[in-house]
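Reviewing the structure listed below.
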Amino acid sequence: MVKKLFPERAQDEDAKQLLIYEAKLASQLDHPKIVRFLGVCWTLQSDVGSVYELVDGGDLATFLRTNRRALSWAKASSKDGSSLPTKLQLAIDIAEALVLLHSFYPPISHGNLTTKSVVVTASGVAKVWNFRPVGLLGVADPDASDRGIVHSDISAFGALLVELDWCEPADTHFDEKSVPMLSTSCPRVVAQLARRCLSTTAAEHPSALEAVFELRRAAATLVESETESDERLSSSSE
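Numbering-wise (my numbering), the sequence shown opens with residue 184 and increments by one.
Set out below in structure tokens:
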């Protein structure tokens with residue numbers, strides 16, 4: 184995949200510097216849930232592009248719309264003979280990428296976390312890319328900046344959980360008090376996590392590491408419930 188500036192922004196020095204900065208940042212990140220940076224390409228000075236590994240599954244937004252009837256939080260499903268990941272696994276993949284970004288000092292923000300900035304591999308792994316980074320800019324007070332950087336990404340992750348739940352844009356699923364509304368099929372742990380991420384009180388936000396823990400806990404609970412259900416069905420048929 185190649186990321187370039189639109190032709191109308193090719194002469195915009197700020198836009199070019201941001202693209203170069205993003206490339207430098209991406210070159211430092213080595214994680215299975217982050218799209219791998221390969222290098223840069225250009226034909227002219229105004230035609231610089233960043234080259235990333237090819238992920239042929241498309242962006243998460245399109246993936247959700249295309250597979251909305253087949254996707255679920257709990258059960259891995261299939262469509263047209265190919266297996267699909269659970270919504271929980273997709274959420275865990277994205278949260279794991281945030282854990283790496285936020286582990287730097289000062290932390291690195293994604294700054295642009297939406298379902299358009301996540302791609303899905305053919306094997307169903309979610310990978311993050313298309314950063315609008317804020318970290319590593321040499322701020323005078325890293326600790327003060329850190330809090331805003333982390334909270335911004337966590338809020339965006341909460342909105343992403345809502346979109347994962349409904350398989351459509353999250354902005355139509357908030358009540359009059361801006362509280363997210365989750366479907367009845369959404370695991371309780373996930374619904375609670377989404378609300379914490381989207382809280383207007385920053386102190387209530389979980390860390391990315393805590394989000395991974397909660398999502399894995401939800402996944403384990405669902406697997407346990409399904410196993411018990413299968414055992415009951417097996418017993419009743421004997």
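For every residue, glycine included, the Cβ atom is placed at its ideal position computed from N, Cα and C.
is_contact[residue i, chain D] using C-beta, thresh 7 Å
i    : result
A386 : Here there is only one protein chain, and chain D is not present.
Rounded straight-line distance, which links the Cα of residue j to that of residue i
i    : j    : result
L271 : S260 : 13 Å
C224 : E236 : 14 Å
A391 : H285 : 8 Å
D324 : L208 : Here D324 scores only 36 on pLDDT, less than 50, and its place in the model should not be relied on; the value that follows carries that caveat. Rounded to the nearest angstrom, the two C-alpha atoms are 20 Å apart.
E279 : E196 : 33 Å
E359 : R378 : 14 Å
L451 : Y204 : There is no way to answer for residue 451, as the model of the chain reaches only from 184 to 421.
V231 : A339 : 29 Å
L319 : S292 : Interpretation of L319 is limited by its pLDDT of 44, a score under 50 that renders its predicted location unreliable; no figure is taken from the coordinates.
Q200 : K262 : 42 Å
K187 : L227 : 12 Å
Y288 : L212 : 14 Å
M184 : E387 : 37 Å
A394 : G294 : 18 Å
L202 : A374 : 35 Å
S361 : V302 : 28 Å
G341 : R251 : 19 Å
L283 : G222 : 21 Å
V322 : D354 : Note that V322 scores 36 on pLDDT, short of 50, meaning its location in the model is unreliable; the coordinates nonetheless yield the value given after this. Answer to the nearest angstrom: the Cα atoms are 32 Å apart.
S266 : S210 : 31 Å
Residue of the options minimising C-alpha distance to residue i
i    : options                : result
K216 : A206, P290, S300       : S300
R400 : V185, D354, A274, H334 : A274
H214 : L281, K360, M184, F314 : L281
G307 : H388, D239, K199, V362 : D239
S233 : G241, W312, P389, F287 : W312
V218 : G294, F314, A198       : F314
C350 : M184, T249, E387       : T249
G241 : A309, G222, L227       : A309
F425 : D354, S361, I277       : Nothing can be reported for residue 425, as the shown portion of the chain is limited to 184 through 421.
T245 : E387, P352, S266       : P352
Whole-angstrom C-beta distance between residue j and residue i, which should lie under 8 Å
i    : j    : result
L138 : T304 : As shown, the chain starts at 184 and ends at 421. That puts residue 138 outside it, with no answer to give.
I332 : P268 : 28 Å between Cβ atoms; not a contact.
A345 : H334 : Just to set this straight, residue 345 is Val in the shown sequence, not Ala. With a Cβ gap of about 17 Å, V345 and H334 do not count as contacting.
P389 : L376 : 7 Å
D336 : L365 : D336 to L365, Cβ: 20 Å. No contact.
L247 : L347 : 7 Å
F220 : A198 : That belief does not hold up - the Cβ atoms of F220 and A198 are roughly 18 Å apart, past 8 Å.
inquiry  = Runs of 3 residues minimum, wholly inside the stretch 289–316: which ones carry the beta strand (DSSP E) assignment?
reply    = 301–303, 309–311
In chain order, each alpha helix (DSSP H) run of at least 4 residues that lies wholly inside the stretch 350–394 = 371–380
request  = Could you say if the stretch 367–375 and the stretch 394–409 meet the contact criterion of at least three C-beta pairs nearer than 8 Å?
outcome  = yes
ask   = For the 8 Å Cβ check, are there 3 or more pairs between the stretch 374–385 and the stretch 243–259?
value = no
query = Quick one: complete beta strand (DSSP E) runs, 3+ long, within the stretch 202–235?
reply = 220–224, 232–235
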